[in-house]
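Right, one structure below, let's go through it.
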Amino acid sequence: CGYGRVLSEISGMGYTNLSGVDISPQLVHEARKSCPNADVSIQDFSQLDTAKFNQKYELILLMGVIEYLLSDEHQEKFFKRVSELLSENGTVFLETFIFDWENLWKNYIQGFMRTCHLGRFKNKKGFECHHQSEMTLRSILQTQFDIISFTRKSLITWSGKKCNGLCALLGKV
Numbered sequence: 375c376g377y378g379r380v381l382s383e384i385s386g387m388g389y390t391n392l393s394g395v396d397i398s399p400q401l402v403h404e405a406r407k408s409c410p411n412a413d414v415s416i417q418d419f420s421q422l423d424t425a426k427f428n429q430k431y432e433l434i435l436l437m438g439v440i441e442y443l444l445s446d447e448h449q450e451k452f453f454k455r456v457s458e459l460l461s462e463n464g465t466v467f468l469e470t471f472i473f474d475w476e477n478l479w480k481n482y483i484q485g486f487m488r489t490c491h492l493g494r495f496k497n498k499k500g501f502e503c504h505h506q507s508e509m510t511l512r513s514i515l516q517t518q519f520d521i522i523s524f525t526r527k528s529l530i531t532w533s534g535k536k537c538n539g540l541c542a543l544l545g546k547v
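Residue numbering for the sequence shown follows this note's numbering, starting at 375 and increasing by one per position.
So, in structure tokens, the structure goes:
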């Protein structure tokens, strides 16, 4: 949920019963201030505990999340947990960076030298990241969801660089 910007916007539109998750205590604190009516918790996405949520969700927003799940296996487990939280007619909106050799090849090579995994790197803020290829991401998503749309976009990173991104709408299988 980051600092709660999207939660606050959605709340301002009249939506209720909102939840947010972030690994950063600082960001969760900010999210609670900006959207006090949302249930916001500190959790590691790679260890998302679905038992802490006592409901199914009609809409799940995943924006800038899976980049921090550092292996295909972690992403697969995460999406399985997300699918368990989705209501029967619910939708997942996914916005993520994907593999971008043209713009980030130096980062990927440095990450590969360190981890032996192509697509892994440290960003300028020092966070370890993992960019999937479109094909691998689609393959992971298809195991848990019906892919409604899968659109390539140009997104802007924290450091202001353009990077290949992807927006997807996902439904329950």
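Beta carbons: idealized from backbone N, C-alpha and C, even for Gly.
Spatially closest choice to residue i from the options, by CA coordinates
i: LEU438; options: ASN428, GLN449, LYS430, TRP475; result: The question names Leu, yet the displayed sequence has Gly at residue 438. Of the candidates ASN428, GLN449, LYS430, TRP475, the one whose C-alpha sits nearest the C-alpha of GLY438 is GLN449.
i: ILE434; options: CYS375, PRO399, SER507, LYS536; result: CYS375
C-alpha gap between residue i and residue j, whole angstroms
i: PHE419; j: GLY394; result: 11 Å
i: SER528; j: ASN477; result: 11 Å
i: SER382; j: GLY539; result: 24 Å
i: LEU515; j: VAL380; result: 23 Å
i: PHE427; j: LYS499; result: 31 Å
i: THR517; j: THR510; result: 11 Å
Cβ-Cβ separation, residue j to residue i (assumed contact under 8 Å), whole Å
i: TYR431; j: SER408; result: So it is not a contact: roughly 20 Å between Cβ atoms.
i: HIS505; j: ASP474; result: 7 Å
i: LEU401; j: PHE467; result: Actually they do not touch by this definition, with Cβ atoms about 20 Å apart.
Residues near residue i in its chain [Cβ-Cβ closer than 6 Å; skip 5 each side]
i: GLY485; result: ARG494, PHE495
i: PRO399; result: ILE416
Contacting residues, own chain, Cβ-Cβ under 8 Å from residue i (five flanking each side not counted)
i: SER385; result: LEU392, CYS409, ASN411, ALA412
Residue i - partner residues in DSSP beta bridges
i: SER528; result: ASN538
i: LEU433; result: THR465
i: ILE472; result: GLN506
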